[in-house]
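Structure record follows, encoded as structure tokens.
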Amino acid sequence: MNKNKKTLPKMTPGEALPGAVIAERKRCGKPNCRCASGNPEDLHGPYYYRYYRENGRLRKAYVPKDRVEQVRAACALYREEQRTRRWMALLFQQHAQSVDEMLRQIEALWKS
Ligand SMILES: [Zn+2]
Numbered sequence: 001m002n003k004n005k006k007t008l009p010k011m012t013p014g015e016a017l018p019g020a021v022i023a024e025r026k027r028c029g030k031p032n033c034r035c036a037s038g039n040p041e042d043l044h045g046p047y048y049y050r051y052y053r054e055n056g057r058l059r060k061a062y063v064p065k066d067r068v069e070q071v072r073a074a075c076a077l078y079r080e081e082q083r084t085r086r087w088m089a090l091l092f093q094q095h096a097q098s099v100d101e102m103l104r105q106i107e108a109l110w111k112s
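Heads up: the sequence shown begins at 1 in this note's numbering, then just goes up one per residue.
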């Protein structure tokens, strides 16, 4: 079983994913490796990870290089959906308020 399959579920077209894809460069820890110099250009990578929240906790999932664009698009779609959802909630709230106000005026007419 390859580890990419474990960290990244199969995606369907148009799927939205929370979070953002971030590139990281790393040190492997071997003392004789070029990355031990600490220079950013000597580090390994970039490796790509999607950071997202799950039940309030920050999580990190490896994204294979050939799927970075796909996952980035899914993250952008998720943000867009969230924006739309907030907008719809606001419209619904305003609608409810105006219905409430209308009812108040009708009730006031009944009393007069
Ligand atoms: Zn190294």
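Even glycine gets a Cβ: it sits at the ideal position worked out from N, Cα and C.
Of the residues G14, R25 and A89, the one placed nearest G38, counting alpha carbons only: R25
Range covered by the alpha helix (DSSP H) that runs through R85: V68 to K111
Reduced DSSP secondary structure (H/G/I, E/B, other) of P46: strand
Contact test: R25 Cβ vs ligand 1 heavy atom, cutoff 7 Å: no
Whole-angstrom distance between Y78 and F92, CA atom to CA atom: 21 Å
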